[in-house]
Structure formats: structure tokens, C-alpha cells
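A.B. asks: Please read through the structure below; I'll follow up with questions.
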Amino acid sequence: GSNYEYIQVSEPRPGVGQVTLNRPKALNALCTPLINELNRALAEFQSSPTVRAIVLTGSEKAFAAGADIKEMAPLTFSKAYTSSFIESWSTLTTSVKKPIIAAVSGHALGGGCELALMTDIIYCTASANFGQPEIKLGTIPGAGGSQRLTRAVGKAKAMELILTGRSFSGDEAERWGVAARSFPTYEALMEAALKTAETIAGYSKVAVMAAKEVVNKSQDLPLRDGVEYERRVFHSLFGSRDQKIGMKAFAEKKKAEWSDE
Ligand code: CAA
Numbered sequence: 045g046s047n048y049e050y051i052q053v054s055e056p057r058p059g060v061g062q063v064t065l066n067r068p069k070a071l072n073a074l075c076t077p078l079i080n081e082l083n084r085a086l087a088e089f090q091s092s093p094t095v096r097a098i099v100l101t102g103s104e105k106a107f108a109a110g111a112d113i114k115e116m117a118p119l120t121f122s123k124a125y126t127s128s129f130i131e132s133w134s135t136l137t138t139s140v141k142k143p144i145i146a147a148v149s150g151h152a153l154g155g156g157c158e159l160a161l162m163t164d165i166i167y168c169t170a171s172a173n174f175g176q177p178e179i180k181l182g183t184i185p186g187a188g189g190s191q192r193l194t195r196a197v198g199k200a201k202a203m204e205l206i207l208t209g210r211s212f213s214g215d216e217a218e219r220w221g222v223a224a225r226s227f228p229t230y231e232a233l234m235e236a237a238l239k240t241a242e243t244i245a246g247y248s249k250v251a252v253m254a255a256k257e258v259v260n261k262s263q264d265l266p267l268r269d270g271v272e273y274e275r276r277v278f279h280s281l282f283g284s285r286d287q288k289i290g291m292k293a294f295a296e297k298k299k300a301e302w303s304d305e
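The opening residue of the sequence shown carries number 45 in UniProt numbering; numbering runs sequentially from there.
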């Protein structure tokens, strides 16, 4: 039994867990209690025997309009430093091994954009409103935006976006490779996000986890080390039952029935 105030949790499709940010009065501004709930829900999905892929979304109007400016306004350096403010946001990048798809519609600003960038796949509406407007508030991105956005779009664009605070559309996000795909409507976005999650949920749990792990390594390791890391994990999958099951099913022209072993 999970009672949440700022999020909603469901399992809308076989194998798919969905977290919907639900703080409409503040356009899903990411206050600390919301982040705590999000982390709790994701931890439950991570340990769930049924959930195999996760969709993280907001409303049609706002994925999330950023960290909570009213919560941050009175914060001091010593409080922020000693409480490791914002650090807990990245729990999802370290402890959630199942794939997370962000379905972004409306505003994804500041911490909202950064939260989306922490996920594994971003789908968005063409009209979604991404941006790192922190400079307008006298501060800078604090949840990884200067690093992840720069890796996603390159230094030239990231520097311009972060120094001017200007927004970019979902359409641009797709063209620049921030988002994997963009959709004309909110309904099409949600349908595609759930369908993709369902597709991933239909594959071997072992292979899916390994695939996520090795792609993420590419963000941290030099190419030669990353390729070697991939090869090690690839070799190790010959020790899984699902590799045998998958390749045997191909040869027999049958659908693989995964063992998750
Ligand atoms: N924090 C707290 N409250 C927020 C918020 C935020 N980030 N964004 C919106 N809200 C609140 C507004 O204060 C308003 O509340 P009230 O009704 O009590 O006044 C309510 O949500 C609705 O917002 P608006 O009336 O402003 O809605 P709008 O449609 O006119 O404008 C918007 C939408 C352009 C997104 C505008 O709300 C806005 O600019 N929000 C702030 C965006 C921003 O600067 N985000 C970055 C935050 S800093 C950060 O995230 C740091 C980090 O890197 C971790």
C-alpha cells in the first residue's frame, strides 16, 4: 500500500510501471518531498517482480517546471552543502537498473529538464518546452544539466542554452538527439511511451539490464575502455540461459519464452 501526495503510481500495461508526477498547482515543481516519493516509487518498481520497464511522466501541461524555487529561495550555502541538497535526485541513475522512459509534455525546465536527462530514453511532444533557465534566477543548473545536456547536444549549443536560459522545443530536442522521438500530441506521446516500455518489458530481463548498463558506460568511459567493457558483458551473457533460449527460438522460428536466467 503506497500513499503518495505528489505522484501517482500504476502498472498500466503488462510489465510496465508508470510514475506520474502530480503536483499540478506548482507545475510539478520538484520539491524535496516529491523527490523522496519518486525515489520510493522507483525503488519499489526496481524490486517489483512484475515491472520490467518504467515510464516517468507529468501532465500534458508540465513534465516538471524545475526545482522548487520557493523552497530554494531561503537556502544557505551551509544548509545546501551539509544536506547534500539535490544529490538524492540522482538516486535513479545509480539504483534503478530497469529502463526508464521519460514522456515529456509541456514544461521541462531547470531540474525538470535535468530529471528527463537522467532517464534512459526521452520521448516528448513536438511542442514540449525544455530549458535550463537557472541563469535567470541568479544561479546555474544543479542536477547535472551542465554535464548531461552538454554531452547530449555538444558544447556550442549547451553553452548558449545555459548562458541565455532560452528554451528549446521538443521538435529541437528530437533533432539534436536529446529526445529519441517527438510526437504531435500528448495522446500519441503517452501511447508510444507505454508501447515502447511494453516492448522492452517483453525481452529478457538479463539482456535488458546489461544493455542499459553498457550504453550508460559510454557516457563515462573512453572509447577503448567502453568497447572492452561491452565485450566483457557480451561474453558474460553466454552464461545466461536467455541467450540460449533466444538463439534457439530464432533457429526454430519460434517466439522466445524468456527464463530471466
Ligand atoms: N518552483 C516553484 N513553484 C513554481 C515553479 C518552480 N520551479 N514553477 C512554477 N511554479 C508555480 C508558480 O509559482 C505558480 O504558483 P502560484 O499559482 O502559487 O503563483 C504556479 O506554479 C503556476 O505557475 P505560473 O503561474 O508561473 O504558470 P505560467 O503558465 O504562467 O508559466 C512557467 C509557466 C513559464 C513554467 C513558469 O512557471 C516558470 O518560469 N517557472 C519557473 C521555471 C524555472 O525557472 N525553473 C528552474 C528552477 S531552478 C532549478 O531547477 C535548479 C536546478 O537546476 C536543480
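Idealized CB from N, CA, C, for every residue including glycine.
As the structure is a prediction and not an experimental result, all values here were calculated from the model.
(1) Quick check: the region 84 to 100 against the region 133 to 148, are at least 3 beta-carbon pairs closer than 8 Å?
(2) Please state if the CB of GLU257 and the CB of VAL277 are separated by a distance shorter than 8 Å.
(3) Looking at the structure shown, is ARG225 part of a helix, part of a strand, or coil, going by DSSP?
(4) Kindly indicate which three-state DSSP category THR194 falls into: helix, strand or coil?
(5) Output yes or no for whether 8 Å exceeds the beta carbon distance between SER211 and GLY175.
(6) Kindly list the residues whose CB is nearer than 6 Å to the CB of MET253, restricted to its own chain and excluding five residues on each side of it in sequence; keep chain order.
(7) If we count Cβ pairs, one from each stretch, closer than 8 Å, do we get three or more for the region 164 to 175 versus the region 118 to 133?
(8) Can you give me the C-alpha to C-alpha distance between ALA293 and GLN90, rounded to a whole angstrom?
(9) Using a threshold of 7 Å, is the CB atom of GLY154 nearer than that to any non-hydrogen atom of the ligand CAA?
(10) For the beta strand (DSSP E) that PRO118 lies in, which residues bound it at each end?
(11) Are there any heavy atoms of the ligand GDP lying less than 7 Å away from the beta-carbon of GLY189, as far as the coordinates show?
(12) Enumerate, from N- to C-terminal direction, the unbroken beta strand (DSSP E) stretches of 3 or more residues contained entirely within the region 66 to 143.
(13) Check LEU153 in the structure and name its three-state DSSP category.
C.D. replies: Reading it off the structure:
(1) yes
(2) Numbered from its first residue, the sequence shown carries residue 277 at position 233. Numbered from its first residue, the sequence shown carries residue 257 at position 213. Result yes, Cβ atoms of VAL277 and GLU257 sit closer than 8 Å.
(3) Taking the first residue of the sequence shown as position 1, residue 225 is located at position 181. Residue state, collapsed to three classes: strand.
(4) Taking the first residue of the sequence shown as 1, we reach residue 194 at position 150. Three-state result, THR194: helix.
(5) Numbered from 1 along the sequence shown, position 167 holds the residue referred to as residue 211. Numbered from 1 along the sequence shown, position 131 holds the residue referred to as residue 175. Going by C-beta atoms, SER211 is nearer than 8 Å to GLY175.
(6) On the sequence shown, residue 253 is found 209 positions in, with the first residue counted as 1. So the qualifying residues of the chain are LYS141.
(7) No, the region 164 to 175 is not in contact with the region 118 to 133.
(8) In the sequence shown, the residue the question calls residue 293 occupies position 249. In the sequence shown, the residue the question calls residue 90 occupies position 46. Between ALA293 and GLN90, the C-alpha separation is close to 28 Å.
(9) By one-based count along the sequence shown, residue 154 stands at place 110. Yes - the ligand CAA has a heavy atom lying nearer than 7 Å to the Cβ of GLY154.
(10) One-based indexing of the sequence shown puts residue 118 at position 74. Here PRO118 belongs to no beta strand (DSSP E), and DSSP marks it neither H nor E.
(11) Among the ligands modelled here, namely the ligand CAA, the ligand GDP does not occur.
(12) Here the runs fully enclosed are 97 to 101 and 106 to 108.
(13) By one-based count along the sequence shown, residue 153 stands at place 109. Correct three-state label for LEU153: strand.
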